[in-house]
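Chemist:
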Ligand SMILES: C[S@@+](CC[C@H](N)C(=O)[O-])C[C@H]1O[C@@H](n2cnc3c(N)ncnc32)[C@H](O)[C@@H]1O
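In my numbering, the protein residues as written are 48 to 300.
#1: Please classify residue 170: does DSSP put it in a helix, a strand, or coil?
#2: Per DSSP, what kind of secondary structure is residue 248 in: helix, strand or coil?
#3: Using DSSP bridges, identify the partner residues of residue 141.
#4: Can you grab the Cα-Cα spacing for the pair residue 77 / residue 265, in whole Å?
#5: Residue 250 and residue 240 - do their beta-carbons sit closer together than 9 Å?
#6: Are the segment 93-102 and the segment 55-64 touching, with three or more C-beta to C-beta distances below 8 Å?
#7: How about residue 164: is its Cβ closer than 8 Å to a heavy atom in ligand 1?
#8: Anyone know if the C-beta pair for residue 274 and residue 296 falls short of 9 Å?
#9: Please go through the same chain and pick out, in chain order, the residues whose beta-carbon is closer than 6 Å to the beta-carbon of residue 289, but skip the five residues on each side of it.
#10: Check whether the segment 185-195 touches the segment 220-231, taking contact to mean three or more Cβ pairs, one atom from each stretch, closer than 8 Å.
#11: How would you write the range of the alpha helix (DSSP H) that residue 107 sits in, first residue to last?
#12: CB of residue 242 to nearest heavy atom of ligand 1: below 8 Å?
#13: For the beta strand (DSSP E) holding residue 293, just list the boundary residues, first then last.
#14: Do three or more CB pairs link the segment 204-212 to the segment 173-186 at distances below 8 Å?
#15: Ordered along the chain, which non-local residues of its own chain (more than five positions away) have a Cβ less than 7 Å from that of residue 222?
#16: Between the alpha carbons of residue 110 and residue 182, how many angstroms are there, rounded?
#17: How far does the beta strand (DSSP E) with residue 276 in it extend, from its first residue to its last?
#18: Consult DSSP for residue 269 and reduce its assignment to one of helix, strand or coil.
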């Protein structure tokens with residue numbers, strides 16, 4: 048059984064008051080070598096395509112070994128979901144966590160990025176916070192800004208909104224320790240749609256077929272014409288990654 052709503056509320060309030068982060072000392076991997084040595088043939092072929100299409104040169108200085116592989120996974124998904132016609136910025140990432148995947152987003156859609164995270168003051172054992180890590184990365188991406196707050200604080204307009212793993216059913220939100228009042232998927236989707244400029248694109252990636260069904264219902268309720276890209280596997284997915292399902296919606300002009 049999950050923790051009570053009251054205990055999640057108290058913890059969230061406490062985090063909000065204790066915002067200080069220890070300084071971030073990144074254990075960057077330094078090069079792609081240790082990762083590429085482990086690649087299967089399919090992974091190596093896909094890596095060569097991505098490395099020849101995008102600027103990945105700074106990634107090993109910014110990412111741990113795990114993040115490096117995760118960014119390749121993200122870039123692989125973005126590359127295939129967006130195709131050759133790239134959205135124009137400025138771009139917004141919703142629910143950015145510590146924004147470990149900013150390198151992939153900045154490579155796929157260059158230009159200004161905002162990232163917004165409601166639980167930005169969540170702390171790690173190192174006494175650093177999600178916000179501390181995200182701001183460290185933003186120092187290396189001068190057009191990126193991390194916002195500790197709710198999606199509804201963001202006003203846009205944006206040419207691209209990217210939303211990886213939104214809470215469309217309650218259980219993942221409860222497991223993450225957030226209070227129940229933050230489960231409002233329809234209002235949040237409505238807001239994400241409202242900050243898009245005409246012709247702007249919204250990419251949503253869900254983490255299972257069940258969540259993708261819930262996503263379809265949300266699009267229906269809000270009368271948004273979401274294009275179902277279906278399951279989005281990647282050669283870079285690891286065993287712990289659930290199957291991803293993607294949606295793309297373009298705001299009418
Ligand atoms: C399942 S996690 C996904 C994190 C990240 N996008 C990824 O793919 O690794 C969902 C994130 O959305 C954040 N979130 C939930 N509601 C939010 C809101 N109203 N505004 C901003 N962030 C929110 C959560 O705190 C959590 O970090």
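We put the beta carbon where it would ideally sit given N, CA and C, even for glycine.
Modeler: On the basis of the coordinates in this document:
#1: strand
#2: Of the three classes helix, strand and coil, the one that applies to residue 248 here is strand, per DSSP.
#3: 163, 210
#4: 42 Å
#5: no
#6: no
#7: When distances are taken from the beta-carbon of residue 164 to the heavy atoms of ligand 1, the shortest one is below 8 Å.
#8: yes
#9: Cβ-Cβ distances below 6 Å link residue 289 to 254, 255 in the same chain, with the five nearest sequence neighbours on each side left out; the list follows chain order.
#10: Result no; under three Cβ-Cβ pairs closer than 8 Å.
#11: Unbroken alpha helix (DSSP H) run through residue 107: 106-109.
#12: no
#13: DSSP places residue 293 inside the beta strand (DSSP E), whose first and last residues are 292-297.
#14: no
#15: Excluding positions up to five away in sequence, the list reads 49.
#16: 14 Å
#17: 274-278
#18: Coil at residue 269, not helix or strand.
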